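Presented below is the structure to which this report refers.
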Amino acid sequence: MLQIIRTASSGVIAKAFLILLIVGFAGWGVQGYLGQSGQGEVVVTIGGDTIKTTELAVAFGRDVRRFQAQGSDLTAEQARNLGLMNLALDRLITGRMYDAAADWLGMGLANKDIAAAIRAEPAFRDDDTGAFSRPRFESIMRNSGLSEQQYTIDLRRDMYRREVINSLAFTAGAPLVLEKKLHLYRNENRIATLSVVPVDETLDVGAPDEATISESHQSQAERYTAPERRNASYLLLTADDAMRDVTVTEEQVSKAYENNLGNYTTPEKKSIQQILFGDEESARKAAGMIGEGRTFETVAKEIAGMEADALEFGEFGVGGFPIPSLVSVIDALKEGGISEPVSTDFGWHIFRVDGVLPETVVPYEDVRASIEDQLKKEQASELLYNISTTLEDELAGGATLEEAASAVNVVVLKSGLIDIEGAGVDDEPVPGLPGGEFISSVFVTQTGEQSALGQSPEGSYFIARVDETVPSALRPIEEVKDEIIADWQAGKQREAAEARALAIVEKVEIGGSLVEIATAEGLEANDSNPFNRRGEGANSRLVTPLLVSDVFKIQPGQAAMVETGDGFVVAQLKSIKSAGPSDTKDLATLLGNQITGDILRQLDDALRQEFKVDIDQAALARTPLPR
């Protein structure tokens, strides 16, 4: 279906427009719009201009910060490894191409148009007034790592690109007949009667003869082949090893407490109440009434219509009030103090300090044990690293694994024979092995050689020597005979279930009712919910994608059969529910977006070929990472 749309979108008119656009670019050139990339090494050459590593580093850094601002722990190095730098570069290249398209088509934008677009952006509007908020705009710029100038440049480019996309929109309309046919196709629903023919695992199918067992052993050799296993000696340096040599004095614990006293201190806070007014006159009237001796709560109710529980504003320490212009006002109030009417963007306020929560400090004795434990862990971590360095030095100097172990006072451990999954000869996981990449390091190290020093997720260090490798091999037939017999019997039981299901299908195909046939077989048969070609609506684990596909290939009364993990499902198509008349607006939008996307990809590919985009991979690798 999509291919038909793509074929239509690449017709004479669309191609003529693309050719005209490309020819125009070729004559006009790119030098005029690419601008300056700043200092740095050239990473991309586009026609007669370049993109430099400095520009790429800035764009990539913004992307990384956006991820981090959303709570991600992604580092710049990890982001580059995931391909984010390549995506940033691709975006820069594509942006330049669309700049060229906009300029060649004469799509000029005045500064007032840019300003109007910024003011119209909902993200920059005040939540209460709905008007453009300059402080909010600046805050978003800071959080996004953008300067106002850079945002304006990016916005101008984005508006140019929208104009280019709009200029292609004449090719993006899908024919009405296509929309209707696609609607009918996508939204047709079917109801099927379903019956499960299970595999009877109690069915007596006998046992295979010796010849069959031997043939199965050879024909299914992969199933009965033991995996490669390795036996390794290894050293494991844990925090417990280092903790044996760690001592922490009372003085160190006390000093750590004093140096981090702020972590154990809850500063004084004021409990603030407020009355909020819509105008100054009401606020002044309320202040006068309070001055005459009326209670804060009474005035709030009478003038502002606020109940007592609505007066609570929160608890704040010195300098912590959330409205910057009122910090000094709140800090100056004493317990029980009431402010004069003050104005903010939210209205007029009168504040009262309802109470003061005094500063509290967690006593030293309450946290002494946890501080001591933390200091020990910090020292143990450093000591563990030093031990691992000593271990590496010993091995680099020619010491054996046993000699190196003696030098750092640890014992040599044995893994026993393990496979790549960490299982022993009994196919059960071997307990006590180091985590992380220990097993993979054993399996990439040659027999008789030592692995590189590795670190587990728990912070332990390990190094392994592969002592023995047992190659993968077909297990002797005597060892797997019982397994072969069990597999053969399971296969025969499944074949019996399949034959039973096929017999039911044959009876349905000659005009039978699945409900009646299944009942006669001692099986259940039930109708499904209506479901479409995507299986939506079925609400049943029996309606698998394969079953859906088969059911939509048959006519009412006919049957289909699919295999499942525990047997076979027989389906008889009961009814077809055609899609009713519906608004195809969303579908038309979807088709239009797909067609426009296809054309834009064609344009992007054509521009890249015309301007001969050349990427210096070595320079790309040297692009500096943000700190």
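Per the working numbering, the sequence shown starts with residue 284, numbered consecutively. The beta-carbon is built from N, C-alpha and C at its ideal position, and this holds for glycine as well. Note that the structure is predicted; figures quoted are calculated from it, not measured.
Note to self: Would Y381 pass as an interface residue toward chain C - the criterion being a Cβ-Cβ separation below 8 Å?
What the structure shows: In the displayed structure, chain C is absent; only one protein chain is listed.
Check: From S422 to R408, what does the alpha carbon distance come to, in whole angstroms?
Finding: The residue given as residue 422 occupies position 139 in the sequence shown. The residue given as residue 408 occupies position 125 in the sequence shown. For S422 and R408, the distance between alpha carbons rounds to 12 Å.
Check: Residues bridged to T548 by DSSP?
Finding: Residue numbering aside, residue 548 sits at position 265 when the sequence shown is read from its first letter. BP columns for T548 point to V644.
Note to self: Judging by CA-CA distance, which residue of D810, E541 and D396 is the nearest neighbour of R439?
What the structure shows: As a first step, residue 439 is located in the sequence shown; it is residue number 156 there, counting from the start. Minimum Cα distance to R439 is reached at D396.
Next item on the list: Would you grab the beta carbon distance between I703 and P510 for me? Rounded to a whole angstrom, and I think it's under 8 Å.
Entry: Position 420 of the sequence shown holds residue 703. Position 227 of the sequence shown holds residue 510. So it is a contact: roughly 7 Å between Cβ atoms.
Margin query: I'd like to confirm the pairing. Which residues does DSSP put opposite H844 in its beta bridges?
Written below: Here the question's residue 844 lines up with position 561 in the sequence shown. For the sequence presented, residue 844 should be read as Met rather than His. Partner(s): V853.
Item checked: Inter-residue Cα distance where the pair is V480 and A780 -> Translated into positions along the sequence shown, residue 480 becomes position 197. Translated into positions along the sequence shown, residue 780 becomes position 497. So the two alpha carbons sit approximately 6 Å from each other.
Margin query: Which residues does DSSP list as the beta-bridge partners of G597?
Written below: Translated into positions along the sequence shown, residue 597 becomes position 314. Answer by DSSP bridge pairing, in chain order: I555.
Checklist line | Span separating the alpha-carbon of E533 from that of A539 | finding: Here residue 533 refers to the residue found at position 250 when the sequence shown is read from its first residue. Here residue 539 refers to the residue found at position 256 when the sequence shown is read from its first residue. Distance between the alpha carbons of E533 and A539 is about 10 Å.
Check: Nearest-angstrom Cα distance between G630 and A566?
Finding: Translated into the one-based positions of the sequence shown, residue 630 becomes position 347. Translated into the one-based positions of the sequence shown, residue 566 becomes position 283. When rounded, the distance between both Cα atoms is 10 Å.
Check: By Cβ distance below 7 Å, which residues in the same chain neighbour E595 in space, the five residues on each side in sequence not counted?
Finding: As a position in the sequence shown, residue 595 is number 312, starting the count at 1. These residues qualify, in order along the chain: Q556.
Item checked: Any alpha helix (DSSP H) of 4 or more consecutive residues that is wholly inside the segment 688-773 -> 721-726, all fully within the segment 688-773.
Next item on the list: Just the C-alpha distance for V727 and T752, rounded to the nearest angstrom, thanks.
Entry: Within the sequence shown, the letter at position 444 stands for residue 727. Within the sequence shown, the letter at position 469 stands for residue 752. When rounded, the distance between both Cα atoms is 11 Å.
Next item on the list: For P481, write down the residues that DSSP places opposite it in a beta bridge.
Entry: As a working mapping, residue 481 is identified with position 198 in the sequence shown. Paired residues: G850.
Next item on the list: Output the distance between the C-alpha atoms of P909 and A901, rounded to the nearest integer angstrom.
Entry: Counted from its first residue, the sequence shown places residue 909 at position 626. Counted from its first residue, the sequence shown places residue 901 at position 618. Taking the straight line joining both Cα atoms gives about 18 Å.
Next item on the list: Take every Cβ of the segment 644-654, pair it with every Cβ of the segment 617-633, and state whether three or more of those distances are shorter than 8 Å.
Entry: A contact is defined here as three or more CB-CB pairs under 8 Å, and the segment 644-654 fails this definition with respect to the segment 617-633.
Item checked: Minimum C-alpha distance to I767 - residue among L674, E598, A663 and S497 -> The residue labelled residue 767 in the question sits at position 484 within the sequence shown. When the alpha-carbon of I767 is set against those of L674, E598, A663 and S497, the nearest one is in S497.
Checklist line | Cβ-Cβ distance between E471 and S861 below 8 Å | finding: In the sequence shown, residue 471 corresponds to position 188, counting from 1. In the sequence shown, residue 861 corresponds to position 578, counting from 1. Going by C-beta atoms, E471 is nearer than 8 Å to S861.
Margin query: Quick check on this structure: which residue in L873, R905, P754 and F894 has the alpha carbon closest to the alpha carbon of R469?
Written below: Locating residue 469 in the sequence shown gives position 186, counting from the first residue. Of L873, R905, P754 and F894, the residue nearest in Cα terms is L873.
Check: Any idea which residues DSSP pairs T508 with across the strands?
Finding: Start at 1 with the first residue of the sequence shown, and residue 508 comes out as number 225. In the DSSP output, where bridge partners are listed per residue, T508 has L757.
Notebook entry, point to check: What is the DSSP secondary structure of N543, reduced to helix, strand or coil?
Noted result: The count along the sequence shown starts at 1 and reaches residue 543 at position 260. Coil at N543, not helix or strand.
Check: Shortest alpha-carbon distance to F560 belongs to which of V695, L477 and I586?
Finding: Against the sequence shown, residue 560 aligns to sequence position 277. Checked all of V695, L477 and I586; the closest Cα to F560 is I586.
Notebook entry, point to check: When the Cα atoms are used, what is the spatial distance from D528 to A663?
Noted result: Here residue 528 refers to the residue found at position 245 of the sequence shown. Here residue 663 refers to the residue found at position 380 of the sequence shown. D528 and A663: Cα-Cα distance of roughly 8 Å.
Margin query: Do L903 and V347 have their beta-carbon atoms positioned less than 8 Å apart in this structure?
Written below: Position 64 of the sequence shown holds residue 347. Position 620 of the sequence shown holds residue 903. Result no, Cβ atoms of V347 and L903 do not sit closer than 8 Å.
Next item on the list: Could you say which of V853, V725 and D628 lies nearest to N232 if we only look at CA atoms?
Entry: Past the boundaries of the shown model lies residue 232; the chain is included only from 284 to 910, so the question cannot be answered.
Check: Which of the three DSSP states, helix, strand or coil, is assigned to A475?
Finding: Taking the first residue of the sequence shown as 1, we reach residue 475 at position 192. The answer is strand: DSSP assigns A475 an E or B state.
Next item on the list: Classify F308 as buried or exposed, calling it buried when 16 or more other Cβ atoms lie within 10 Å of its own Cβ.
Entry: Residue mapping note: residue 308 aligns to position 25 of the sequence shown, counting from 1. At F308, the pLDDT of 41 sits below 50, so the modelled position is not reliable; the number obtained from the coordinates is stated separately. Counting Cβ neighbours within 10 Å, F308 comes out buried, since at least 16 surround it.
Notebook entry, point to check: Would you report the Cα separation of S320 and E563, rounded to the nearest angstrom?
Noted result: Here residue 320 refers to the residue found at position 37 of the sequence shown. Here residue 563 refers to the residue found at position 280 of the sequence shown. Because S320 carries a pLDDT of 44, less than 50, the predicted location of this residue cannot be relied on, and the following value inherits that uncertainty. Each residue's Cα considered, the two are about 53 Å apart.
Notebook entry, point to check: Using a threshold of 7 Å, is the CB atom of L559 nearer than that to any non-hydrogen atom of the ligand GTP?
Noted result: Of the ligands one can find in the structure shown there are none, so the ligand GTP has no counterpart to examine.
Check: For the putative contact between E686 and V695, defined by C-beta atoms under 8 Å, what is the C-beta separation to the nearest angstrom?
Finding: Position 403 of the sequence shown, counting from 1, holds the residue named residue 686. Position 412 of the sequence shown, counting from 1, holds the residue named residue 695. So it is not a contact: roughly 10 Å between Cβ atoms.
Item checked: Pairwise C-alpha distance: S796 and V845 -> What you label residue 845 is simply residue 562 of the sequence shown in a count that begins at 1. What you label residue 796 is simply residue 513 of the sequence shown in a count that begins at 1. Roughly 18 Å separates the two Cα atoms.
Notebook entry, point to check: Since V725 contacts A706 with CB under 8 Å, what's their CB separation in whole angstroms?
Noted result: Here the question's residue 725 lines up with position 442 in the sequence shown. Here the question's residue 706 lines up with position 423 in the sequence shown. About 13 Å; that fails the 8 Å criterion.
Next item on the list: Out of E655, L616, Q657 and D656, state which residue places its alpha-carbon closest to the alpha-carbon of G638.
Entry: Locating residue 638 in the sequence shown gives position 355, counting from the first residue. Selected option, being the one with the closest Cα: L616.
Next item on the list: Report the three-state DSSP secondary structure of L317 (helix, strand or coil).
Entry: In the sequence shown, residue 317 corresponds to position 34, counting from 1. Residue placement at L317 is poorly supported in this model, since its pLDDT is 39, which falls under 50; the coordinates still yield a value, given next. Secondary structure of L317 (DSSP, three-state): helix.
Margin query: Could you compute how far the alpha carbon of K553 sits from the alpha carbon of V536?
Written below: For the purposes of this step, residue 553 is taken as the residue at position 270 of the sequence shown. For the purposes of this step, residue 536 is taken as the residue at position 253 of the sequence shown. Between K553 and V536, the C-alpha separation is close to 33 Å.
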